[in-house]
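Comments concern the structure below.
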Amino acid sequence: MENIFDIKTEHDFLAASLRTFRCQYDNIEVYRKFVDYLKINPEEVRSLDKIPFLPIEMFKNHQILDKNVSTDLFFQSSGTTQMNLSKHFIADENIYKESIYKSFEQFIGKPEDFIFLGLLPSYLEKQNSSLIYMVDFLMKKSGKPENGYFLYNHEDLFKLLNDLKDKKVILFGVSFALLDFLDFCNSNSQTLRFSNTLTVIETGGMKGRKEEMTKDELLVILQEGFKTDKIYSEYSMTELLSQAYSLGQNEYQCPNWMRILIRNVEDPFSYEKDGKTGAINIIDLANIHSCSFIATQDLGKIAGDKFQVLGRIDHSDIRGCSLLVS
C-alpha cells in the first residue's frame, strides 16, 4: 500500500480506496464473507458508492483483522460492563500515531505548540481507550511539564487554567465532564478569566449523565462558560484510526485520507444528496489492517466540503463517539 498520508486529490483518494477495498476483500475474512453475502463482484466496484460498508456492529462479535498480521493491541469501546463492547485490533501503532499527528496539525496546529489537559474521567477509568491513547500521544509530542489529566478534581483544574492564562492550552473534555466543571465554577462563584489562548475540544458523550441537548445547545453553553469562541469538537470512534474536527458550528472536516458518505436509512445501498439527512458511512484509509469502510449508526448530512453529526438512528446502542442526540 502506498502512503495514504500523501493523498492530495479526489482522484488519489478514489484510487487508494479501490486498492484498499480489493486488498481487504482478499485478506480480511469477515469482510470478504460480508461482500460475498451481498453477491458483489469486487472487480466490478469502480466508485466509492459501490463499495460495501461493513456494519459497525461487526466489531462487537468478530476480530476484524488482516490474516497476514497478528497483534495483542486493541482498543475497546466505552460502555457498561454488561454491554458487548467493540474491539478494534491494531497491527501497526505508527499508522495511528501518524494519523493523530497529521489530523491535529492540519486543523489545529503543531502539537508541540500547546499544553494539553484532559478532562476525560469516563475514559481514564477504563482500559484500552483509543481517545486516551490519542491524548497521551499528543502530550508526549508536546512535552510540556504542565500536561496532565483530571478526573473530578475541578478545583485543581480551575486553578491551573487560570495560572496558564497567557499560554496556548488545549483542554480535551468529554461533554458531561465539561458541563460538570462549569457547574462547579458557577456553584463556587469561580470565574474563568482567560485570554483567547484556550481551546476546548469536546469529544462528545453524555451517556445518561446529563439531560440530553443538541450539539448546538452544548456549544453555546461551553462558549459562554469558558468565555471563548474556540470550542471545537472531535469526531472519531474506537473502530477508526482517524479523526475529523469541527472548528465551530458543528461542521466537521475530514483529513485527506478520510471521507463521509450519507446513506439512506431505509436503503443502505443508496445515498443522499448534499443537505439531506441520512446515516453516516465512513471511509478511513488509516484502517489498513482492519476495515476502511464502515457503516455507522450515526445520523448526519453533508454540508459542502464539511459534514454535520445530528444524532443516532433510533434504537441503536449508545456509544462514546462525538455526538449528542438531537
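Just so you know, we're using the numbering used here here: the sequence shown kicks off at 146 and counts up by one. Glycine is no exception: its CB is placed at the ideal position from the N, C-alpha and C atoms.
C-beta atoms of residue i and residue j nearer than 9 angstroms
{"i": "N117", "j": "N239", "result": "Here the chain comprises residues numbered 146 to 471, so residue 117 is not present and cannot be evaluated."}
{"i": "L210", "j": "F234", "result": "yes"}
{"i": "S381", "j": "M279", "result": "yes"}
{"i": "S275", "j": "W402", "result": "no"}
{"i": "Q453", "j": "E396", "result": "yes"}
{"i": "D374", "j": "N341", "result": "yes"}
Exposure label - residue i; buried when at least 16 CB within 10 Å
{"i": "T348", "result": "buried"}
{"i": "M228", "result": "exposed"}
{"i": "F414", "result": "exposed"}
{"i": "A160", "result": "exposed"}
{"i": "N426", "result": "buried"}
{"i": "H156", "result": "exposed"}
{"i": "S215", "result": "exposed"}
{"i": "Q169", "result": "buried"}
{"i": "D412", "result": "exposed"}
{"i": "Y297", "result": "exposed"}
{"i": "V365", "result": "exposed"}
Bridge partner(s) assigned by DSSP for residue i
{"i": "T344", "result": "I315"}
{"i": "K451", "result": "A448"}
{"i": "P266", "result": "In the DSSP output, where bridge partners are listed per residue, P266 has none listed."}
{"i": "F438", "result": "I428"}
{"i": "P200", "result": "A440"}
{"i": "G293", "result": "L262"}
Backbone secondary structure at residue i - three-state DSSP
{"i": "F321", "result": "helix"}
{"i": "A298", "result": "Reading off the sequence shown, one finds Asn at residue 298, where the question assumed Ala. Coil, per DSSP."}
{"i": "I260", "result": "strand"}
{"i": "F331", "result": "It should be pointed out that residue 331 corresponds to Asn in this sequence rather than to Phe. DSSP places N331 in helix when its eight states are reduced to three."}
{"i": "D429", "result": "strand"}
{"i": "D459", "result": "coil"}
{"i": "P187", "result": "helix"}
{"i": "S244", "result": "helix"}
{"i": "L105", "result": "Because the chain in this structure spans residues 146 to 471, residue 105 falls outside the shown range and cannot be described."}
{"i": "T336", "result": "coil"}
{"i": "S192", "result": "coil"}
{"i": "T154", "result": "coil"}
Could you give the uninterrupted runs of the alpha helix (DSSP H) lying entirely in the stretch 202-238, keeping only those of 4 residues or more? Those alpha helix (DSSP H) runs which fall completely within the stretch 202-238 and span 4+ residues are 203-206.
Taking the runs of the alpha helix (DSSP H) that are 4 residues or longer, which of them lie wholly in the stretch 347-426? Under the rule that a run must span 4 or more residues, the alpha helix (DSSP H) segments found entirely inside the stretch 347-426 read 360-371.
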